[in-house]
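Residue numbers (the numbering used here): 5 to 237. Backbone N, C-alpha and C fix where the C-beta goes; we use that ideal spot for every residue, glycine too.
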Amino acid sequence: MTKIKNTAKRAGILLLFAAALHATFYHITGVDAKIADFLPETSSAYHSTSWSKAMDLGTRPQSNSLHPAYSAAPMVLSSIEHVQPQSIESKMNFSQYPKAKVKATGYTAGYESTGKKPGNPSYGITYSGVKVKRDLYSTVAADLNVFPVGTILFIPDYGYGVVADKGGAIKGNELDLFYDTVEEVYSNWGKKTLDVYIIKKGDGKLSEKQLTNLNENKELQVFRQQFTGKSMH
Numbered sequence: 005m006t007k008i009k010n011t012a013k014r015a016g017i018l019l020l021f022a023a024a025l026h027a028t029f030y031h032i033t034g035v036d037a038k039i040a041d042f043l044p045e046t047s048s049a050y051h052s053t054s055w056s057k058a059m060d061l062g063t064r065p066q067s068n069s070l071h072p073a074y075s076a077a078p079m080v081l082s083s084i085e086h087v088q089p090q091s092i093e094s095k096m097n098f099s100q101y102p103k104a105k106v107k108a109t110g111y112t113a114g115y116e117s118t119g120k121k122p123g124n125p126s127y128g129i130t131y132s133g134v135k136v137k138r139d140l141y142s143t144v145a146a147d148l149n150v151f152p153v154g155t156i157l158f159i160p161d162y163g164y165g166v167v168a169d170k171g172g173a174i175k176g177n178e179l180d181l182f183y184d185t186v187e188e189v190y191s192n193w194g195k196k197t198l199d200v201y202i203i204k205k206g207d208g209k210l211s212e213k214q215l216t217n218l219n220e221n222k223e224l225q226v227f228r229q230q231f232t233g234k235s236m237h
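What follows is the structure in structure tokens.
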């Protein structure tokens, strides 16, 4: 009987000691020592299925796990933003201006468009007297009975065009849009039918100074590269 009592007493002491040891471990580390929480198949299964599927779908995996590898990565991905460059159409209200439907073709100052070659005194010189230019405000050719010299148009996908020239083959609502090279004509324009906005009706005159002043408008410099591929001055 005495042996049984001693054995029970020792067992009780051992249980109390184990409980005290567990409580001390939890108090110090903040971790509940459950063996099931550390089974390897739990984390590996999550990584190979939930996480890989979430990456494929671009979504955050659903889990109660607080493993730093899983909680940090989605935050990094979600913080990446693609900043789109501003377009002039998003900043200017062109709908306030009258529209005209035109057939627009690209052209150059070269022989293929004008019949003139470098060395000709009138090479690159428009009917108005200004030199051809591809810029924020580019020189364009039109039927002067429809769009007089000096008329300012906004042409979507091209930019501002100032009527500076005419052409024998240009009749009615037709425009020739200036480009520096034949390659640019083919790659950037070709021939299109579209609506253009009439910003200002011309008075039949245009000077180099007027064209320069238009192209030096400080508020529009940020849009220069959108249409010309050239950086700001």
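- Per the coordinates, the alpha-carbon of A168 lies some 11 Å from the alpha-carbon of Q214.
- Inclusion of G165 and I174 in the CB contact set at 9 Å is not warranted, their separation being larger than that value.
- Under the criterion of beta carbons closer than 8 Å, Y162 and Y101 do not qualify as touching, at roughly 16 Å.
- For L198, the closest alpha carbon among the candidates K95, E93 and K105 is that of K105.
- Beta-bridge annotation (DSSP): F158 is paired with Y164 and Y201.
- The C-beta separation of V153 from Y131 comes to about 7 Å, placing the pair in contact by the 8 Å criterion.
- Taking 9 Å as the cut-off, the Cβ atoms of S91 and F227 count as close.
- For T185, the three-state secondary structure derived from DSSP is coil.
- Residue burial annotation: N221 is exposed, with fewer than 16 other C-beta atoms found within 10 angstroms of its C-beta.
- In the DSSP assignment, S142 falls within the beta strand (DSSP E) that extends over Y141 to A146.
- The C-beta of T112 has 16 or more other C-beta atoms within 10 Å across all chains shown, which makes the residue buried.
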